[in-house]
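There are 2 protein chains.
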Amino acid sequence: MLDDRKLKVLHAIINSYIIKAEPVGSRTISKQYDLGVSSATIRNEMSDLEELGYLNKPHTSAGRVPSDKAYRLYVDQLLKLEKRKMDMKKKEMIKKALIEESQEIDELIRNSAKIISAITSYTSLAMSPQLKESRLKHIQLLPIDEAEILVILVSESGIVKNTMFKVEENISQDQLSTISNFLNHKLKGMSMDEIDRTIDDGLFKEMYELKNILDRIIPIISKSLEDMDEVDVYADGVTNIFNFPEYADLDRARSFISFMEDKDLLIEVLLGDTLEGDIEITIGSENIYEPIKDCSLITTTYRLGDMTIGKIGVIGPTRMEYFRVINALRLFSVNMTEILDMLLGNPRV
Amino acid sequence: MLDDRKLKVLHAIINSYIIKAEPVGSRTISKQYDLGVSSATIRNEMSDLEELGYLNKPHTSAGRVPSDKAYRLYVDQLLKLEKRKMDMKKKEMIKKALIEESQEIDELIRNSAKIISAITSYTSLAMSPQLKESRLKHIQLLPIDEAEILVILVSESGIVKNTMFKVEENISQDQLSTISNFLNHKLKGMSMDEIDRTIDDGLFKEMYELKNILDRIIPIISKSLEDMDEVDVYADGVTNIFNFPEYADLDRARSFISFMEDKDLLIEVLLGDTLEGDIEITIGSENIYEPIKDCSLITTTYRLGDMTIGKIGVIGPTRMEYFRVINALRLFSVNMTEILDMLLGNPRV
DNA sequence: ATTAGCACTCTTTATCATCGAGTGCTAATC
DNA sequence: GATTAGCACTCGATGATAAAGAGTGCTAAT
Chain A
1 MLDDRKLKVL
11 HAIINSYIIK
21 AEPVGSRTIS
31 KQYDLGVSSA
41 TIRNEMSDLE
51 ELGYLNKPHT
61 SAGRVPSDKA
71 YRLYVDQLLK
81 LEKRKMDMKK
91 KEMIKKALIE
101 ESQEIDELIR
111 NSAKIISAIT
121 SYTSLAMSPQ
131 LKESRLKHIQ
141 LLPIDEAEIL
151 VILVSESGIV
161 KNTMFKVEEN
171 ISQDQLSTIS
181 NFLNHKLKGM
191 SMDEIDRTID
201 DGLFKEMYEL
211 KNILDRIIPI
221 ISKSLEDMDE
231 VDVYADGVTN
241 IFNFPEYADL
251 DRARSFISFM
261 EDKDLLIEVL
271 LGDTLEGDIE
281 ITIGSENIYE
291 PIKDCSLITT
301 TYRLGDMTIG
311 KIGVIGPTRM
321 EYFRVINALR
331 LFSVNMTEIL
341 DMLLGNPRV
Chain B
350 MLDDRKLKVL
360 HAIINSYIIK
370 AEPVGSRTIS
380 KQYDLGVSSA
390 TIRNEMSDLE
400 ELGYLNKPHT
410 SAGRVPSDKA
420 YRLYVDQLLK
430 LEKRKMDMKK
440 KEMIKKALIE
450 ESQEIDELIR
460 NSAKIISAIT
470 SYTSLAMSPQ
480 LKESRLKHIQ
490 LLPIDEAEIL
500 VILVSESGIV
510 KNTMFKVEEN
520 ISQDQLSTIS
530 NFLNHKLKGM
540 SMDEIDRTID
550 DGLFKEMYEL
560 KNILDRIIPI
570 ISKSLEDMDE
580 VDVYADGVTN
590 IFNFPEYADL
600 DRARSFISFM
610 EDKDLLIEVL
620 LGDTLEGDIE
630 ITIGSENIYE
640 PIKDCSLITT
650 TYRLGDMTIG
660 KIGVIGPTRM
670 EYFRVINALR
680 LFSVNMTEIL
690 DMLLGNPRV
């Protein structure tokens, strides 16, 4: 469909446009890229490419601009041809920085977002681990003082969640231990969903004497479980968007930044693609949400054990430096997976 | 220094400018505000006011614009005269919304920021509680499995912090209990600072047999304590700034939004003022940081018990609707104090 | 099939005149 | 003596017009 020369011309145009953000004319191509043909020939090729939907003209006397379709072609080839080598020195540097700065998982995610946006100079997105499948490893009720009890949940993936609650009656240490043991016995190893179901089934009739207390604790556990696998998302370098002339328009900038302020939307966007695969790229109009239909989104995943549990990504204008961003994200994908392994241990799955 | 009529003129100009964001001319004042004098008189008064530093002229043939000094006067009078009544119906509404949406403290803070920016349509800032003075109520080591121990710290203010750590050796449940008890006995009731000092003093020579384990745990406690009183800050409604014509300039908007992205700076800004007092207002050039020298910042505090532990605020153009914002913030100050009291109990201080 | 050449299109930029809001001064008025 | 009407003047905003420049697309020559 596209002969070799057309491809070369298209590539040249894309490259030029990615760098300059200005419509590319035939003369630019014939002079700066060594295709050995005159600008008139390029003009004809460009005309063809436009007809095929790979190029757009902002107006009659402007140069051409690559269409989303062109980027799609470009990116697909990029991903196919490319030798997946990784700059190991850079990788280790980043890893070190991340480890030193991030004691907690949320910190790790936030810092990753920060570094990614810093080195790519686009806006970065990072999602905290999603651990829906995670199983309960330990549950414990701890008396803090006469009137307060602390509920502690630990998941196999090492996430801890606790909730304080108050009681009026006096509950003895023994009673608490009994309940702790009972709950541990019953719920340990279950996934969040299973626990929810078990709770709904009212499996706790066995413990008549402590029913009052249990009735108070169950909803707390339920709520805590919910909280535990609640994902969060961070955007960093949002103002980087101002660096791109396509966002010199206030309304555009506003709409982009507003979008980045809405965490729910961002989660949707990140989860929109599957949770599988290496690098995923969504180009311009391929995006579902209006405000980012002129953006490209590149995401990758990170894992814990065999399970993909989160995503990080970069978002910017469609004329993004795909290659550079892909490489950067690969670095982070590997690093975060390794660091999480370290932080959370290596649970069986 | 300012006679009554000058004051009235100044007020009229400020009011007009707050609404319209456009330089105010003498004719506007004489027509729309009922001062009973002609525009020529107003012109003379304006000329005087300019000389006194209360008004500025963007250029010869524009109207006048209030200076920071004018806003300062305006605001000081506002705060003095104003009858501090609170719309109790609105207050209860907000309180209800906050309580329903916010199970955790961080959520409460975030939601507050969200609601504040929604109802004021400015950018809101909210700082999480600062509990430096908070004392340790409980410390416990909990075995999760053979190789993992959970360290739990509970402060008197009810904040819980935990850290998982791994051990190679087997440590018996008994040993852990011993250590837990020992630490509780030694550290309970101490403030963070005191604990740090106690730790530094190496007070733990008493426990020879368990020294290995203690040496591992101490730094973890130390780190956790640090984390516990780390403040966080949220900004919401940042893109509201686009609603104001003074930020139609891309560079301005960018600089503002970039500033709001930097949490460290925001903390500085919020803590910059004292932690005391009811409402604090910083106008334009009174701000230390360049990017917000054309903004006004209104903050108030919230408390736990007798102690001021956090701040919330609103930031926007100097021609802010001070009155409305002040009232809104008062509502939140009271509400958050009440809700925190509920959530965290009422510790003695 | 390629290319030189040229007319044509459309944006960008600069220039200039005009308009109007607003000031500041002066002289008349209360 | 304070107020005000009147008017010349200032200066940004608006819009029209022209010139420049970049690029296309067609035609005819190679």
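Going line by line, the protein sequences match chains A and B.
The first sequence: position 315 = 315 (my numbering), numbered continuously.
Take any residue in the second sequence, count from 1 to its spot, add 349: that is its number in my numbering.
Glycine included, every Cβ here is placed at the ideal spot set by N, Cα and C.
Range of the contiguous beta strand (DSSP E) that encloses Met476(B)
Reading the second sequence from its first residue, position 127 is the one you call residue 476(B). Taken as a continuous stretch (DSSP letters only), the beta strand (DSSP E) holding Met476(B) covers 472-476.
From Ala419(B), Ile498(B), Ser540(B), pick the residue whose C-alpha is nearest to that of Leu480(B); which is it?
The residue you call residue 480(B) lines up with position 131 of the second sequence. The residue with the shortest Cα to Cα distance from Leu480(B) is Ser540(B).
Test: Ala597(B) CB closer than 8 Å to a CB of chain A:
Your numbering for residue 597(B) matches position 248 in the second sequence. So yes, Ala597(B) belongs to the interface.
Whole runs of the alpha helix (DSSP H) within the stretch 165-204 of chain A, excluding any shorter than 4 residues:
173-187, 192-200
Rounded to whole angstroms, what's the CA-CA distance from Val75(A) to Tyr322(A)? Just pull it up for me.
If you number the first sequence from 1, residue 75(A) lands on position 75. If you number the first sequence from 1, residue 322(A) lands on position 322. The straight-line gap from Cα to Cα measures roughly 7 Å.
Would you list, in chain order, the members of the stretch 101-127 of chain A that have their beta-carbon closer than 9 Å to a beta-carbon of chain B?
Gln103, Glu104
Does the beta carbon of Val238(A) sit closer than 8 Å to a beta carbon anywhere in chain B?
Here the question's residue 238(A) lines up with position 238 in the first sequence. By this cut-off, Val238(A) is an interface position.
Proximity below 8 Å, CB of Val587(B) to CB of Thr472(B):
Your numbering for residue 587(B) matches position 238 in the second sequence. Your numbering for residue 472(B) matches position 123 in the second sequence. Yes, they are a contact pair.
Thinking just about the alpha-carbon of each residue, which of Leu525(B), Tyr596(B), Asp585(B), Ser573(B) is nearest to the one in Leu563(B)?
To locate residue 563(B), count along the second sequence from 1; it is residue 214. Among Leu525(B), Tyr596(B), Asp585(B), Ser573(B), the Cα nearest to that of Leu563(B) is on Leu525(B).
When the Cβ atoms of the stretch 42-53 of chain A are set against those of the stretch 244-252 of chain A, are three or more pairs found closer than 8 Å?
no
Determine, using beta carbons only, whether Arg153(A) and Ile139(A) come nearer to each other than 8 Å.
Here residue 153(A) refers to the residue found at position 153 when the first sequence is read from its first residue. Here residue 139(A) refers to the residue found at position 139 when the first sequence is read from its first residue. Note on residue identity: the sequence assigns Leu, not Arg, to residue 153(A). It is a contact, given that the beta carbons lie within the stated cut-off.
On the DSSP letters alone, give me the boundaries of the beta strand (DSSP E) that Tyr583(B) sits inside.
Counting from one through the second sequence, the residue named residue 583(B) turns up at place 234. Where Tyr583(B) is concerned, the enclosing beta strand (DSSP E) starts and stops at 582-585.
Chain B within 8 Å of Leu225(A), Cβ atoms only
As a first step, residue 225(A) must be located in the first sequence, where it is residue number 225. Residue-level contact check: Leu225(A) does not touch chain B, since none of the beta carbons of chain B fall below 8 Å from its beta carbon.
Whose CA, out of Ile241(A), Val9(A), Glu226(A), Gln77(A), lies closest to the CA of Leu55(A)?
Here residue 55(A) refers to the residue found at position 55 when the first sequence is read from its first residue. Minimum Cα distance to Leu55(A) is reached at Val9(A).
Starting from Asn56(A), follow its DSSP beta bridges and name the residues at the other end.
Here residue 56(A) refers to the residue found at position 56 when the first sequence is read from its first residue. Looking at the DSSP assignment, Asn56(A) forms a beta bridge with Val65(A).
Would Asp474(B) and Ile641(B) qualify as a contact pair, given that the criterion is a beta-carbon distance under 8 Å?
Residue numbering aside, residue 474(B) sits at position 125 when the second sequence is read from its first letter. Residue numbering aside, residue 641(B) sits at position 292 when the second sequence is read from its first letter. The question names Asp, yet the displayed sequence has Leu at residue 474(B). No, Cβ-Cβ distance for Leu474(B) and Ile641(B) is not below 8 Å.
With 16 other CB atoms within 10 Å as the buried threshold, where does Pro407(B) fall?
Reading the second sequence from its first residue, position 58 is the one you call residue 407(B). It counts as exposed.
Within the 8 Å Cβ cut-off, does Val160(A) reach chain B?
Translated into positions along the first sequence, residue 160(A) becomes position 160. Val160(A) counts as touching chain B.
With a 10 Å radius around its C-beta and 16 neighbouring C-beta atoms as the bar for buried, classify Ile637(B) as buried or exposed.
For this step, residue 637(B) is matched to residue 288 along the second sequence. Exposed is the call here.
What whole-angstrom Cβ distance do Ile109(A) and Ser128(A) have, given they're in contact under 8 Å?
Along the first sequence, one-based indexing puts residue 109(A) at 109. Along the first sequence, one-based indexing puts residue 128(A) at 128. Indeed, because the Cβ distance is near 5 Å, the residues count as touching under 8 Å.
Rounded to whole angstroms, what is the Cα-Cα separation between Ser388(B) and Ile362(B)?
As a working note, residue 388(B) is residue 39 in the second sequence. As a working note, residue 362(B) is residue 13 in the second sequence. C-alpha separation (whole angstroms): 13 Å.
Compute the Euclidean distance between the alpha carbons of Thr527(B) and Asp455(B), then round it to the nearest angstrom.
The residue you call residue 527(B) lines up with position 178 of the second sequence. The residue you call residue 455(B) lines up with position 106 of the second sequence. Going from the Cα of Thr527(B) to the Cα of Asp455(B) covers about 34 Å.
For Leu485(B) and Tyr651(B), what's the separation of their Cα atoms in angstroms?
Taking the second sequence and counting its residues from 1, the one referred to as residue 485(B) is at position 136. Taking the second sequence and counting its residues from 1, the one referred to as residue 651(B) is at position 302. C-alpha separation (whole angstroms): 22 Å.
C-alpha distance - Asp523(B) paired with Leu490(B), whole-angstrom precision:
Position 174 of the second sequence, counted from the start, is the residue given in the question as residue 523(B). Position 141 of the second sequence, counted from the start, is the residue given in the question as residue 490(B). Going from the Cα of Asp523(B) to the Cα of Leu490(B) covers about 11 Å.
Interface residues of chain B around Phe242(A) at Cβ under 9 Å?
As a position in the first sequence, residue 242(A) is number 242, starting the count at 1. Within chain B, the residues near Phe242(A) are Leu599, Asp600, Ala602, Arg603, Ile606, Ser607.
Using a C-beta cutoff of 8 Å, does Gln522(B) count as contacting chain A?
The residue labelled residue 522(B) in the question sits at position 173 within the second sequence. Gln522(B) does not count as touching chain A.
Just how far apart, CA to CA, sit Gly189(A) and Ile569(B)?
In the first sequence, the residue the question calls residue 189(A) occupies position 189. In the second sequence, the residue the question calls residue 569(B) occupies position 220. Computed Cα separation, rounded: 28 Å.
Three-state secondary structure (DSSP) of Lys161(A)
As a position in the first sequence, residue 161(A) is number 161, starting the count at 1. The answer is strand: DSSP assigns Lys161(A) an E or B state.
Do you know how far the Cα of Ser529(B) is from the Cα of Phe605(B)?
Position 256 of the second sequence, counting from 1, holds the residue named residue 605(B). Position 180 of the second sequence, counting from 1, holds the residue named residue 529(B). Rounded to whole angstroms, Phe605(B) to Ser529(B) spans 49 Å at the Cα level.
Rounding to the nearest angstrom, what Cα-Cα distance links Ile149(A) and Phe332(A) in this structure?
Your numbering for residue 149(A) matches position 149 in the first sequence. Your numbering for residue 332(A) matches position 332 in the first sequence. Straight-line Cα distance between these residues: approximately 40 Å.
Answer with yes or no whether the minimum CB distance from His487(B) to chain A is below 8 Å.
Position 138 of the second sequence, counted from the first residue, corresponds to residue 487(B). Taking Cβ atoms only, chain A reaches closer than 8 Å to His487(B), which makes this a yes.
Using DSSP with H/G/I as helix, E/B as strand and the rest coil, what is Met336(A)?
Position 336 of the first sequence, counted from the start, is the residue given in the question as residue 336(A). DSSP places Met336(A) in helix when its eight states are reduced to three.
For chain B, is any of its Cβ atoms less than 8 Å away from the one on Ile292(A)?
In the first sequence, counting from the first residue as 1, residue 292(A) sits at position 292. No, Ile292(A) does not count as interfacial toward chain B.
Could you tell me the alpha carbon to alpha carbon distance between Lys161(A) and Ser224(A), rounded to whole angstroms?
Locating residue 161(A) in the first sequence gives position 161, where the first residue counts as 1. Locating residue 224(A) in the first sequence gives position 224, where the first residue counts as 1. C-alpha separation (whole angstroms): 7 Å.
Residue from Asp613(B), Lys355(B), Ile630(B) whose Cα sits closest to the Cα of Val582(B)
If you number the second sequence from 1, residue 582(B) lands on position 233. The option with the nearest alpha carbon to Val582(B) is Asp613(B).
Member of Leu297(A), Pro245(A), Ala248(A) whose CA lies at the smallest distance from the CA of Met260(A)
Looking up residue 260(A) in the first sequence gives position 260. Checking every option, the nearest Cα to that of Met260(A) belongs to Leu297(A).
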